[in-house]
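Please read the structure below before turning to the comments.
Numbering (the UniProt record's numbering), first residue to last: 1 to 138.
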């Protein structure tokens with residue numbers, strides 16, 4: 001007779017099918033790489049920028065960006081808040097990231113402009129915040 005084998009695999013929830021091109025705006029190379037890897041692990045394609053100006057140029061050139069994930073504090077003079085204010089009405093949804101304290105003026109201003117992801121965060125935190133933004137864009 002044959003052998004009976006029971007395999008126990010760890011349960012992992014399926015990733016939502018709303019995957020697309022994410023514009024990741026982060027000036028710290030190590031953090032950008034970490035977040036990029038999380039996004040790729042969730043099935044997204046990622047294009048990267050280190051400044052608000054670079055992000056605006058990419059948005060103008062690439063109409064298929066589905067989501068913008070931007071740090072608040074960026075290289076150059078413009079912040080993620082400036083980026084949020086410069087976005088045209090038909091821009092993809094924006095999620096801001098920061099390690100600023102919750103009583104910081106920039107953090108408070110950010111909350112009026114977009115959902116805010118507090119650093120450090122893990123893949124679950126990221127998914128919880130970007131999935132609703134992507135669904136709203138559909």
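Ideal Cβ positions, reconstructed from N, Cα and C, are used throughout, including at glycine.
Beta-bridge annotation (DSSP): residue 71 is paired with 97. With fewer than 16 other Cβ atoms from the protein chains shown falling within 10 Å of its own Cβ, residue 63 counts as exposed. Membership of residue 49 in the beta strand (DSSP E) is indicated by the continuous run 45 to 49. Going by DSSP, residue 31 is part of the alpha helix (DSSP H) stretching over 29 to 41.
Between residue 71 and residue 51 the beta-carbon gap is near 10 Å, outside 8 Å, which marks them as no contact.
For residue 4, there is no enclosing alpha helix (DSSP H), as DSSP gives it neither H nor E. Taking the Cα positions, residue 97 is about 17 Å away from residue 77.
For residue 22, DSSP records a beta bridge to 46, 67.
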